[in-house]
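Trainee: Quick one: the structure is below, questions incoming.
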Amino acid sequence: MRQIIENLVSGIIKQLQDEGILPSGELPEYKVERPRDESHGDFATNAALVLSRFAKMKPRDLADKMLSALPANQKEVDRWEVAGPGFINFHIAPDRIRQLIPDILKAKQNYGTSKVGAGKRILVEFVSANPTGPMHVGHGRGAVMGDAIASVLQVTGHKVEREYYINDAGNQVGVLGWSVMLRYFELYNRSITMPEGCYPAQYVVDIAKALKEQDGDKWLSVELDMTSSPPAQVVDFAMDMIMGWIRNELATVNIHFDNWFSERTLHADGKIEATIEQLTAKGLIYEGVLAPPKGKLPDDWEARPQLLFKSTQFGDAEDRALKKSDGSATYFAADIAYHFEKAGRGFDLLIDVWGADHGGYVKRVQAALTALTDKKNLLEVELVQMVNLVRGGEPVKMSKRDGTFVTLAEVVEEVGSDAVRFIFLTRSGGAPLDFDLELAVSKSNDNPVYYVQYAHARIHAVYRQLAEKGLSVSLGDGKGDLSCLTQDAEMSLIRLLGTYPEMLEGAALHREPHRVPYYLIDLASAFHTYYNSHRILDDDVVLLGARLSLINAVRQVLANGLTLLGVTAPEKM
RNA sequence: GCGCUCGUAGCUCAAUCGGAUAGAGCAACGGCCUUCUAAGCCGUAGGUUACAGGUUCGAUUCCUGUCGAGCGCACCA
């Protein structure tokens, strides 16, 4: 529908240019947008405001001029006016608006989808929680956000793949292995002490028990030496088990990945060295000594020469190390190789969803990727702020170290996947989130997911009533006469249905999936208002059919939105 | 000290890449169930958009500064 108005306005401007009222050639951009206030029409343009200078006229005078140039034969707009400082408001003809109902019912689950993405290939990487323990609530937020960003991009015509990067290399893997070994020794009645930095939590005990079950005392003779690597088979056993948990937890919140990418393969395939060579060839690698960090100085800090990448050439604050003191690759080096590898798979855009605690890391990865590909904006990073877990207003301390964190699985168990997803999504990622367990657990209507689902279930209830009265469901197929839908509540509802596709485009463009739940709450609210003041099952069959068609369209859009968010659309509550 | 993300009603949050009178929910108060699901609806009250400047037809939005919050700041991931 927006297209109709945009064509109309651009046609008018062209005509005014031909008449010499506006100068020919490039003019500044104007907008056609949905006014916030319904009384301002269905669409408004600021063209007269933007162009007044070029016409050497007052905005309102130019607006009047533009309207007199409106083609006489068009039927889409039946009212228009100049308002405020010089906006032009367009009111779409009611018949054209009602036409949305059959359009939606025909498109079904495809209503709202568009092709604005033009098949652009996008890789969305998210979660990527370390395989050293179960996912906590913070991971859950990133997971749901990443998944929703991917979904919103998909329905707007992008070709999307979801990827999980498994950090199965590096120090933490050895730490995990030794932690399991210690718990394993403990099961054989050896007394142990958990060194600082190890993972003491219960899940490590569970892994040790499973290890004992499978291998018996096979590993008892292993000598405890934290400076060396633990047995590879033990490490793999632990990581496989944890990754199994993570996959399960993700599945319970309806998240499924296309690819699981292992960091180890980068090391094994020599991708890291190859990437460093590429950078070296570009003259961006040197041996140097970094200045001491500006914050509180680590106890063991010492100046030492390192292999450095000149990320300052690409806007970063410091050059960054690629090799550790023991000569092995840093996490950063592996991450460069990983992102370079992703770029090599031919994506038009890479999106990473990270926790805000990794925010300081964005520039250096973008710098490296730009250096390697000569593309400036290939990598986009969406930062998701922290989740503060609260129980009845009291903060819950979370720490992997003492094992007091609350896992995502526990929260999902208590609250349900629908509520978890909806709460995480009904918030822009830029703001920290207080997640109150007590509130979320208390299945009260504080939780907007029920509000939206209830609207959906209510519509199904009406249709059940219809069947009981022996009337045909096909009355609501949108094919009958809809001209009796003249009430304000009805027209606002239909108009709202019409904005769904635009809302999705905005959500995709700005990577703001929270717009979807907010829209659904709005739609549910408009429906509840309508439902309370108008009887659907009217004795007049024509009116009955029209209203059934209307709420059927509402049901379709609610279902589409909820499904998109990975939330169920129940027929009964 | 530097960087990133923020600061909107008592609380939790929105506000369409600069738009018209800044909106919801919760909490408070007052109404609506013999009729399609009251997990609902209607109404009242609640604001100097942290503060000060700047850009312009127009600023919650963009720029600068101040104050305040969270996160980060060799070799960890």
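Residue numbers (my numbering): 7 to 579. Here a beta-carbon is modelled for each residue, glycine too, at the ideal position from N, C-alpha and C.
(1) Given this structure, state the Cα-to-Cα distance separating residue 453 from residue 71, to the nearest angstrom.
(2) Tell me which residue opens and which closes the alpha helix (DSSP H) that residue 551 is part of.
(3) Secondary structure at residue 575, three-state DSSP: helix, strand or coil?
(4) Hey, residue 426 and residue 146 are a contact pair by Cβ (cut 8 angstroms); roughly how many whole angstroms apart?
(5) Could you check how far apart the C-beta atoms of residue 566 and residue 111 are, in whole angstroms? I think they sit under 8 angstroms.
(6) According to DSSP, is residue 413 part of a helix, a strand, or is it coil?
(7) In three-state terms, what does DSSP make of residue 442?
(8) Three-state secondary structure (DSSP) at residue 142?
(9) Does the stretch 216 to 233 come into contact with the stretch 182 to 194, if we say contact requires no fewer than three beta-carbon pairs (one atom in each stretch) closer than 8 angstroms?
(10) CB-CB under 8 angstroms to residue 339, same chain, minus the five flanking residues each way: which ones, in chain order?
(11) Measure the beta-carbon distance from residue 320 to residue 376 and round it to whole angstroms, keeping in mind my assumption that it falls under 8 angstroms.
(12) Anyone know if the C-beta pair for residue 134 and residue 163 falls short of 8 angstroms?
(13) Which residues in the same chain as residue 158 place their Cβ atom closer than 6 angstroms to its Cβ, once the five residues preceding and following it in sequence are excluded?
(14) Taking only the alpha-carbon atoms, compute the straight-line gap between residue 538 and residue 47 and give it to the nearest angstrom.
(15) Closer than 7 angstroms: is that where the CB of residue 30 sits relative to any heavy atom of the ligand ADP?
(16) Beta-carbon separation of residue 500 and residue 11 under 8 angstroms?
(17) Relative to the C-alpha of residue 445, which residue among 429, 203, 495, 209 is closest?
(18) Taking the continuous beta strand (DSSP E) assigned at residue 170, which residues delimit it?
(19) Return the residue from the list 168, 13, 297 that minimises the CA-CA distance to residue 307.
(20) Looking only at its chain, what residues have a beta carbon closer than 6 angstroms to the beta carbon of residue 118, apart from the 5 residues adjacent to it on each side?
(21) Which partner residues of residue 96 appear in the DSSP bridge assignment?
(22) With a CB to CB cut of under 7 angstroms and the five nearest residues on each side skipped, what residues in its chain are close to residue 382?
(23) Could I get the ranges of all uninterrupted alpha helix (DSSP H) runs contained in the stretch 365 to 406, with 4 residues as the minimum, in chain order?
(24) By DSSP, does residue 428 sit in helix, in strand, or in coil?
(25) If distances are taken between C-alpha atoms only, which option among 535, 523, 16, 174 comes closest to residue 273?
(26) Do residue 243 and residue 217 have their C-beta atoms within less than 8 angstroms of each other?
(27) Looking at the structure shown, is residue 194 part of a helix, part of a strand, or coil, going by DSSP?
(28) According to DSSP, is residue 148 part of a helix, a strand, or is it coil?
(29) Check each candidate in 42, 527, 92 and name the one with the smallest Cα separation from residue 36.
(30) Name the two residues that bound the continuous alpha helix (DSSP H) containing residue 17.
(31) Start and end of the alpha helix (DSSP H) containing residue 521?
(32) Would you mind stating whether residue 412 and residue 97 have Cβ atoms separated by less than 8 angstroms?
(33) Should residue 9 be labelled buried (16 or more other beta-carbon atoms within 10 Å of its own) or exposed?
(34) Here's a check: name, in chain order, each residue in its chain whose Cβ is nearer than 8 angstroms to the Cβ of residue 86, leaving out the five neighbours to either side.
(35) What does DSSP give as the partner residue(s) for residue 268 in the beta ladder?
(36) Can you give me the start and stop residues for the alpha helix (DSSP H) that residue 213 sits inside?
Mentor: For this structure:
(1) Walking along the first sequence from the start, residue 453 turns up at place 447. Walking along the first sequence from the start, residue 71 turns up at place 65. When rounded, the distance between both Cα atoms is 50 angstroms.
(2) Residue numbering aside, residue 551 sits at position 545 when the first sequence is read from its first letter. Per DSSP, residue 551 belongs to the alpha helix (DSSP H) from 547 to 570.
(3) Taking the first sequence and counting its residues from 1, the one referred to as residue 575 is at position 569. In the three-state scheme derived from DSSP, where H, G and I count as helix and E and B as strand, residue 575 is classed as coil.
(4) Within the first sequence, the letter at position 420 stands for residue 426. Within the first sequence, the letter at position 140 stands for residue 146. Their Cβ separation, rounded to whole angstroms, is 7 angstroms, which keeps residue 426 and residue 146 in contact under 8 angstroms.
(5) Residue mapping note: residue 566 aligns to position 560 of the first sequence, counting from 1. Residue mapping note: residue 111 aligns to position 105 of the first sequence, counting from 1. Contact flag wrong, Cβ pair sits at about 12 angstroms.
(6) In the first sequence, residue 413 corresponds to position 407, counting from 1. The three-state reading of DSSP puts residue 413 in strand, counting E and B together.
(7) Here residue 442 refers to the residue found at position 436 of the first sequence. When secondary structure is reduced to three states using DSSP, residue 442 falls in the strand class.
(8) Here residue 142 refers to the residue found at position 136 when the first sequence is read from its first residue. In this structure, DSSP gives residue 142 an extended state, which the three-state scheme calls strand.
(9) These segments touch.
(10) Taking the first residue of the first sequence as 1, we reach residue 339 at position 333. 278, 281, 282, 328, 329, listed in sequence order.
(11) Translated into the one-based positions of the first sequence, residue 320 becomes position 314. Translated into the one-based positions of the first sequence, residue 376 becomes position 370. So it is a contact: roughly 5 angstroms between Cβ atoms.
(12) For the purposes of this step, residue 134 is taken as residue 128 along the first sequence, with counting starting at 1. For the purposes of this step, residue 163 is taken as residue 157 along the first sequence, with counting starting at 1. No; because the gap between Cβ atoms is not below 8 angstroms, this pair is not in contact.
(13) On the first sequence, residue 158 is found 152 positions in, with the first residue counted as 1. Closer than 6 angstroms at Cβ, skipping near neighbours: 513, 514, 519.
(14) What you label residue 538 is simply residue 532 of the first sequence in a count that begins at 1. What you label residue 47 is simply residue 41 of the first sequence in a count that begins at 1. Each residue's alpha carbon lies about 25 angstroms from the other.
(15) The ligand ADP is not part of this structure, which contains no ligands at all.
(16) Here residue 500 refers to the residue found at position 494 when the first sequence is read from its first residue. Here residue 11 refers to the residue found at position 5 when the first sequence is read from its first residue. Taking 8 angstroms as the Cβ cut-off, residue 500 and residue 11 do not qualify as a contacting pair.
(17) On the first sequence, residue 445 is found 439 positions in, with the first residue counted as 1. Per the Cα distances, 429.
(18) Along the first sequence, one-based indexing puts residue 170 at 164. In the DSSP assignment, residue 170 falls within the beta strand (DSSP E) that extends over 165 to 172.
(19) The residue labelled residue 307 in the question sits at position 301 within the first sequence. Ranking 168, 13, 297 by CA distance to the CA of residue 307 puts 297 first.
(20) Here the question's residue 118 lines up with position 112 in the first sequence. Setting aside the 5 residues that flank it on each side, residue 118 is surrounded in the same chain by 506, 507, 510, 566, each with a C-beta closer than 6 angstroms to its C-beta; the list follows chain order.
(21) Within the first sequence, numbered from 1, the residue matching residue 96 stands at position 90. Per DSSP, 49, 86.
(22) The sequence position of residue 382 within the first sequence is 376, counting from 1. Around residue 382: 376.
(23) Under the rule that a run must span 4 or more residues, the alpha helix (DSSP H) segments found entirely inside the stretch 365 to 406 read 368 to 379.
(24) On the first sequence, residue 428 is found 422 positions in, with the first residue counted as 1. Helix at residue 428.
(25) The residue given as residue 273 occupies position 267 in the first sequence. Nearest Cα to residue 273 within the set 535, 523, 16, 174: 174.
(26) Indexing the first sequence from 1 puts residue 243 at position 237. Indexing the first sequence from 1 puts residue 217 at position 211. In this structure, residue 243 sits near residue 217, with a CB-CB distance shorter than 8 angstroms.
(27) As a position in the first sequence, residue 194 is number 188, starting the count at 1. In the three-state reduction of the DSSP assignment, residue 194 falls in the coil class, being assigned neither a helical nor a strand state.
(28) In the first sequence, residue 148 corresponds to position 142, counting from 1. It is helical.
(29) For the purposes of this step, residue 36 is identified with residue 30 of the first sequence, where counting begins at 1. Here the closest residue by C-alpha is 92.
(30) On the first sequence, residue 17 is found 11 positions in, with the first residue counted as 1. 8 to 24 is the extent of the alpha helix (DSSP H) around residue 17.
(31) For this step, residue 521 is matched to residue 515 along the first sequence. From DSSP, the alpha helix (DSSP H) with residue 521 extends over 521 to 539.
(32) Sequence index remark: in the first sequence, residue 412 carries index 406 (1-based). Sequence index remark: in the first sequence, residue 97 carries index 91 (1-based). Note that the C-beta distance between residue 412 and residue 97 is not below 8 angstroms.
(33) For the purposes of this step, residue 9 is taken as the residue at position 3 of the first sequence. Exposed, since its Cβ has fewer than 16 Cβ neighbours within 10 Å.
(34) For this step, residue 86 is matched to residue 80 along the first sequence. Closer than 8 angstroms at the Cβ level, and outside the excluded window around residue 86, lie 47, 73, 76, 94, 95, 96, 97.
(35) By one-based count along the first sequence, residue 268 stands at place 262. Per DSSP, the beta bridge partners of residue 268 are 172.
(36) Position 207 of the first sequence, counted from the first residue, corresponds to residue 213. Per DSSP, the unbroken alpha helix (DSSP H) holding residue 213 starts and ends at 208 to 221.
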